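S.K.:
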Amino acid sequence: MKLDSKIPQGPLDKKWSEYKNHIKLVNPANKRNIDVIVVGTGLAGGSAAATLAELGYNVKAFCYQDSPRRAHSIAAQGGINASKNYQGDGDSVYRLFYDTVKGGDYRAREANVYRLAEVSENIIDQCVAQGVPFAREYGGLLDNRSFGGVQVSRTFYAKGQTGQQLLLGAYSAMNRQIGRGKIQMYNRHEMLDIVLVDGKARGIIARNLINGEIERHSAHAVVICTGGYGNVFFLSTNAMGSNVTAAWKAHKRGAYFANPCYTQIHPTCIPVTGDHQSKLTLMSESLRNDGRIWVPAKMEDAVAIREGRLKPTQIAEEDRDYYLERRYPSFGNLVPRDVASRAAKERCDAGYGVNATGEAVYLDFASAIERYGKEQARIHHMDENDAKLVYKLGRDVVENKYGNLFQMYEKIVDEDPYTTPMMIYPAVHYTMGGLWVDYNLMSTIEGCYVLGEANFSDHGANRLGASALMQGLADGYFVLPYTIGDYLANDIRTGAIPTDLPEFDAAEKNVRGMIDHLISNNGTHSVDYFHKKLGKIMWDKVGMARNAKGLTEAMAEIAQLREEFYKDVKVSGTNESFNQELEKALRVADYLELGELFAKDALHREESCGGHFREEHQTEDGEAKRDDENFAYVAAWEYKGNPSEAVLHKEDLVYENIKLVTRSYK
Amino acid sequence: MNLTLKIWRQSNAKEQGKMVDYKIANVSPDMSFLEMLDVLNNELIEKGDDPVAFDHDCREGICGMCSLFINGEAHGPDRGITTCQLHMRKFKDGDTIYIEPFRAKAFPVIKDLVVDRTAFDKIQHAGGFISVNTSGNTQDANAIPVPKHDADRAFDAATCIGCGACVATCKNSSAMLFVSAKVSQFALLPQGKVEAADRVLNMVAEMDALGFGNCTNTGACEVECPKGISLENIARMNREYLKASLK
Amino acid sequence: MAKSALLKSSLAKKYWMALTGLFLCLFLVGHLAGNLQLIFGDASAFNEYALFMTTNPAVKVLSYVTYISILFHAIDGIVLTIQNKKARPIGYAKNNAAANSSFSSRNMAILGTLLLVFIVTHMANFWAKMHFAEMPLQKVEVKVEGQEPVLIYKTVQQQAIPVNAVEMGQLEVKGTQFFQPGTDLKVADGYKDLHKITVEFFKNEKTGLIATIAYVLAMVVLGFHLSHGFGSAFQSLGVNNPKYRGCIKGLSFIIAYVIPALFAIIPVYIHFFK
Chain A
3 MKLDSKIPQG
13 PLDKKWSEYK
23 NHIKLVNPAN
33 KRNIDVIVVG
43 TGLAGGSAAA
53 TLAELGYNVK
63 AFCYQDSPRR
73 AHSIAAQGGI
83 NASKNYQGDG
93 DSVYRLFYDT
103 VKGGDYRARE
113 ANVYRLAEVS
123 ENIIDQCVAQ
133 GVPFAREYGG
143 LLDNRSFGGV
153 QVSRTFYAKG
163 QTGQQLLLGA
173 YSAMNRQIGR
183 GKIQMYNRHE
193 MLDIVLVDGK
203 ARGIIARNLI
213 NGEIERHSAH
223 AVVICTGGYG
233 NVFFLSTNAM
243 GSNVTAAWKA
253 HKRGAYFANP
263 CYTQIHPTCI
273 PVTGDHQSKL
283 TLMSESLRND
293 GRIWVPAKME
303 DAVAIREGRL
313 KPTQIAEEDR
323 DYYLERRYPS
333 FGNLVPRDVA
343 SRAAKERCDA
353 GYGVNATGEA
363 VYLDFASAIE
373 RYGKEQARIH
383 HMDENDAKLV
393 YKLGRDVVEN
403 KYGNLFQMYE
413 KIVDEDPYTT
423 PMMIYPAVHY
433 TMGGLWVDYN
443 LMSTIEGCYV
453 LGEANFSDHG
463 ANRLGASALM
473 QGLADGYFVL
483 PYTIGDYLAN
493 DIRTGAIPTD
503 LPEFDAAEKN
513 VRGMIDHLIS
523 NNGTHSVDYF
533 HKKLGKIMWD
543 KVGMARNAKG
553 LTEAMAEIAQ
563 LREEFYKDVK
573 VSGTNESFNQ
583 ELEKALRVAD
593 YLELGELFAK
603 DALHREESCG
613 GHFREEHQTE
623 DGEAKRDDEN
633 FAYVAAWEYK
643 GNPSEAVLHK
653 EDLVYENIKL
663 VTRSYK
Chain B
98 MNLTLKIWRQ
108 SNAKEQGKMV
118 DYKIANVSPD
128 MSFLEMLDVL
138 NNELIEKGDD
148 PVAFDHDCRE
158 GICGMCSLFI
168 NGEAHGPDRG
178 ITTCQLHMRK
188 FKDGDTIYIE
198 PFRAKAFPVI
208 KDLVVDRTAF
218 DKIQHAGGFI
228 SVNTSGNTQD
238 ANAIPVPKHD
248 ADRAFDAATC
258 IGCGACVATC
268 KNSSAMLFVS
278 AKVSQFALLP
288 QGKVEAADRV
298 LNMVAEMDAL
308 GFGNCTNTGA
318 CEVECPKGIS
328 LENIARMNRE
338 YLKASLK
Chain C
342 MAKSALLKSS
352 LAKKYWMALT
362 GLFLCLFLVG
372 HLAGNLQLIF
382 GDASAFNEYA
392 LFMTTNPAVK
402 VLSYVTYISI
412 LFHAIDGIVL
422 TIQNKKARPI
432 GYAKNNAAAN
442 SSFSSRNMAI
452 LGTLLLVFIV
462 THMANFWAKM
472 HFAEMPLQKV
482 EVKVEGQEPV
492 LIYKTVQQQA
502 IPVNAVEMGQ
512 LEVKGTQFFQ
522 PGTDLKVADG
532 YKDLHKITVE
542 FFKNEKTGLI
552 ATIAYVLAMV
562 VLGFHLSHGF
572 GSAFQSLGVN
582 NPKYRGCIKG
592 LSFIIAYVIP
602 ALFAIIPVYI
612 HFFK
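For the protein sequence lines, the chains are A, B and C, in the order given.
Here the first sequence is numbered in our numbering, starting from 3 and rising by one per residue.
Here the second sequence is numbered in our numbering, starting from 98 and rising by one per residue.
Here the third sequence is numbered in our numbering, starting from 342 and rising by one per residue.
(1) Roughly how many angstroms lie between the CA atoms of R255/A and I560/A, to the nearest whole one?
(2) Distance, Cα to Cα, M516/A vs N523/A?
(3) Buried or exposed, going by whether 16 or more other CB atoms sit within 10 Å of the CB of A389/A?
(4) Under 7 Å, Cβ to Cβ, is there at least one residue of chain A near G289/B?
(5) Mind listing, in chain order, the continuous alpha helix (DSSP H) runs of no fewer than 4 residues lying wholly within the region 594 to 655 of chain A?
(6) Using the DSSP secondary-structure output, state which residues sit across from Y427/A in a beta bridge.
(7) Could you please give me the residues that DSSP links to H219/A through a beta bridge?
(8) Who are the Cβ neighbours of M301/A in its own chain at under 8 Å, not counting the five residues just before and after it?
(9) Who are the Cβ neighbours of Q163/A in its own chain at under 8 Å, not counting the five residues just before and after it?
(10) For C129/A, report the span of its alpha helix (DSSP H) as first-last.
(11) Opposite V363/A in the DSSP bridges: which residues?
(12) Contact check, L210/B vs A150/B under 8 Å by CB: the rounded distance?
(13) Hey, would you say I494/A sits closer than 7 Å to H219/A, going by beta carbons?
(14) Is it right to say K120/B is buried, meaning 16 or more other beta carbons lie within 10 angstroms of its own, or is it exposed?
(15) Rounding to the nearest angstrom, what Cα-Cα distance links G308/B and G579/C in this structure?
(16) Would you mind reading off the limits of the alpha helix (DSSP H) that contains T191/A?
(17) Sorted by chain position, which residues of the same chain lie with C-beta nearer than 6 Å to V71/A's C-beta, five sequence neighbours on each side aside?
(18) Where do the ends of the alpha helix (DSSP H) carrying Y585/C lie?
(19) Find the residues of chain C that neighbour C312/B, judging by a C-beta separation of less than 9 Å, and give them in chain order.
(20) In chain A, what lies closer than 8 Å to V320/B by C-beta?
(21) To the nearest angstrom, how far is the alpha carbon of L550/C from that of P198/B?
(22) Does DSSP put S125/B in a helix, a strand or coil?
(23) Between which two residues does the alpha helix (DSSP H) harbouring E132/B extend?
(24) What ranges does the alpha helix (DSSP H) occupy inside the region 532 to 590 of chain A, keeping only unbroken runs of at least 4 residues that lie completely in it?
(25) Once DSSP output is grouped into helix, strand and coil, what is the label at M669/A?
(26) Please state whether the Cβ-Cβ distance between N437/C and E170/B is less than 7 Å.
(27) Which value, in whole angstroms, describes the spacing of the CA atoms of H268/A and S238/A?
(28) Taking 7 Å as the cut-off, decide whether the C-beta atoms of L274/B and I326/B are in contact.
(29) Per DSSP, what are the beta-bridge partners of D488/A in this structure?
(30) Just the Cα atoms here: how many angstroms apart are H253/A and C611/A?
(31) Enumerate in chain order the residues of its own chain whose CB-to-CB distance from A122/B is below 7 Å, with the five nearest sequence positions on each side excluded.
(32) Taking any Cβ of chain B, which residues in the region 271 to 292 of chain A have a Cβ under 8 Å from it, in chain order?
(33) So, under 8 Å CB-CB, V636/A and F458/A are touching, yes? Tell me the CB distance rounded to an integer number of Å.
(34) Decide if the region 461 to 476 of chain A is in contact with the region 55 to 70 of chain A; the criterion is three or more beta carbon pairs, one per stretch, under 8 Å apart.
(35) Going by DSSP in three states, C155/B sits in which element: helix, strand or coil?
(36) Taking the alpha carbon of K161/A as the point to measure from, which residue in F252/B, G259/B, I258/B has its own alpha carbon closest?
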């Protein structure tokens, strides 16, 4: 099958409006007869479900959590971008579009990104109307802040909880429709397969997580909004339950998986402390505005620190290596996420890492405290040479800006970041790759739409801060409601889809077979045992820096581990009960397949771009080397029974409005 | 650290449950409380026992999924955090730790420490929203200025994560703090004022129908709330409700 | 909606609880003002006050409101407590409630029940006697210079009715009224001597000390009840915000600690110093 991105003709800035003017519509009376399934209730799923229900479709929404409000969009901290230009600093739709494409290292689809930038303004209007309490200035108008990789202030925020507030906005819109009976909500349900009838997505098989019932749900279209797959690394900033299952099942039924290897490793996370670790916690990117990142310049100091014989505050200024400032003088500590992460890894690999595991660098606020303190002393006409006073004043300023983050750090690490530098290390955060979709957000399965982080479309090889929230809501509120109508207009005479079709029988049998195997396997190791092993392979060989040898080994090791898993996993309990081990086992089974495809994709992409860094493709001073001539395409993989045998389809990326240049932060 | 855990075990909603003792050894003080339970569960699984079911998801204190009543307090002895942010360094070697589910008639146990909190969703269905279409065809976001003070207080109320610690803590299993946080968020913003009367009447009626207890102003909810939602919100809701009932 | 909301909802129950509670606090202030005359006034002043309280029509209306308030406050409290118990069918094996709430706030029902018991005995001891029982009438000594003091009944009409006149049958006493013997001709109204009853109650050789202790304990209970109840009423009525908080706290201190303390001082004073 040839990939058709269905990008509308015409000039970039007219594509979306022209498209909307010419699509087919479904009249309100007919919408009542059309069912849509939405899987996942984060920003993308929640906003899509609410909007489709409001338009009049019958929506069935599914989430594995006990309430749609708990989807992991809730954990996003920093903010949401929109080209409102409220600050009058020269922002525009074009600039947001340009920054996003450039930030994605020129691996995103122009038309999609432009549309995203266009509807970004509507998002803010919509959210304010819904009662989302964005930060405001004293005049009562909305406040903005600046984020990494851009030169304007276009980020709207609600303290460090923007994702939470936006999700609760979408959740409230859903609640309105649930109250009206237009959305049927299925909490604690997990989609375990998608059902195709005559090649079209017509339903799903879902497991009721409370009693283990395997349920059939039919609809005229299926919308997958199940987020990213960062948990393939076991340790990530994702929620414990975040999974690839829905997307992977769709992939196995015919949806192509695009660019699985594009993963964002976030530089400022709290480091791993031991084997018991289950989860990594992100510290907001905003900390890099004031914190300076360093490791000891002398190996003996690094060793002494690791062994607990030396404290970071005892190391003299000249014995510190502020490696980001050294390597990237013009951007310093504010280089993009991928660059900062790789630089930290490089230092730790060279043996300069600082905590007991050797995998941590310092994020130091001492100079910020001093700088702010002196400034305050001058403002208030106090003695700026009084070190104690300066420290106190400066500490107050830092506390005002980052107090909640510092407190969070102290709770977890049990060290006071005001007096000793924070320790940070990169961690898996976001996956730019996902199911391939066309301009309509439809996957290669007809009638199966994919929104938000679950699709691949808008962030290229690297996502900019505050863009994920924008994309989720844009897809759900403003894009899908139009594009899905164009498809469903053909279904007004179809009538309800029966769930006793042989296709449903087959899908259910498939799911039951898998569950029976896992339950009756009676192996020796828990699911986590395998998940941790997979995570280690992924992190060591498919992590921040990749090479052909490691990737080839990883593919073999993952295949081997998968085999072992099916032979030796132990899942306690039964299917017919609340069984968290079974839930995990089903998710890990899919990660064990995805992981291999992930490595295969990374192996085939013989270039370095964004979050994908191949050691073979770097400049002499260790910077990423992109290959636009050979790799300016989307790699969409078709399932062929085994991840290693997946077939590659290419969608060439055509840039008509932007000139491809090398990203440099020197 | 070596610890004794007294954990509520209940195989499903219908069965009766009981407290069961477990010993756990070599607990690192750097572990989070839930990681300690992960370790326990792994030991149980490898021994062929049924692991302890407990709710959790984001493990960074924002999704509101984790619950647990630890040593007689919702989310344990520390303040301003959820269970997933509680660390073992808050305990001492040799301690006995009671771990129970959040208890309320409106939160029936599903299994072990997992409870059903859909009652909270139902209250939101009754009015926890502003009736605005999601078309994006609203007025410009800056068309209605909102005083910063009001916006900040609305935000403070909106930070509720819906974990249910307030209900679990309240001796009456009252949901007032939860409901009042939503009522307050919207009552403080001009966008929400239009429907304020109906909203508060409907949400309170639903809250009462679901079997939550009455507020007796003990203030325990505010103390145990991981997000520090203030009792002022309850006062505001009482005010809003009085206004609405007199209309 | 609105009407049933004000009668049935959980919030409405709290409004009524708060309103009746606050009214009872007002009653306490009035009651205390009268009682303090046991220390600062003489018997006449106290008995005049007692008569006023039992006969003035406005006070009568208020007293009915008080009875209703007490009943409503108690019944509402019982209903709330039953509902609240039902809201948690299975309790905790370990509940460290002291970590997050005050003793009083958690035990309002028990404190309230103790107060109800106190109110019933208190009314039986004083209120019922004043209203329904035959009571001695107040006598005062009149001294005229150079003569033996004369004992007369104190009357509303300021008419001197010598005690021996009644004893000799020159006047007849029915209830608190003096009549010409054998006729309906009322001469004057006497004062029930509640003062004497009260003083004797607390100075009684056998039971006075117990009564005093019981009374003081009841006031401690009242203090606990009010220390949560008074401020709580404002919260229930929605009048709690940072602006008023200081004021409510101050008032709460007076209502919860000063008033019960003053009440408690009276029997102690009578028992030990009168």
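Backbone N, C-alpha and C define an ideal beta-carbon position, used for all residues, glycine too.
On a predicted model such as this, the values are computed, not experimentally measured, just so you know.
M.R.: Considering the structure as presented:
(1) 22 Å
(2) 11 Å
(3) exposed
(4) yes
(5) 630 to 633
(6) C271/A
(7) I206/A
(8) G353, Y354
(9) Q79
(10) 112 to 131
(11) I426/A
(12) 6 Å
(13) no
(14) exposed
(15) 23 Å
(16) Checking the displayed sequence, the identity of residue 191/A turns out to be His instead of Thr. Careful: H191/A lies outside any alpha helix (DSSP H), inside the beta strand (DSSP E) at 191 to 199.
(17) Residue identity check: residue 71/A is Arg in the sequence provided, not Val. Excluding residues within five positions, the ones whose Cβ falls inside 6 Å are Y173.
(18) 583 to 594
(19) S351, L352, K355, Q576, S577
(20) Per Cβ cutoff of 8 Å: no residues; V320/B is ~17 Å from chain A at best.
(21) 50 Å
(22) coil
(23) 130 to 144
(24) 550 to 570
(25) Because chain A spans 3 through 668 in this model, residue 669/A falls outside it and cannot be assessed.
(26) yes
(27) 10 Å
(28) yes
(29) D488/A is not bridged to any residue.
(30) 24 Å
(31) N99
(32) T275, G276, H278, Q279, S280, K281, T283, L284
(33) 7 Å
(34) no
(35) coil
(36) F252/B
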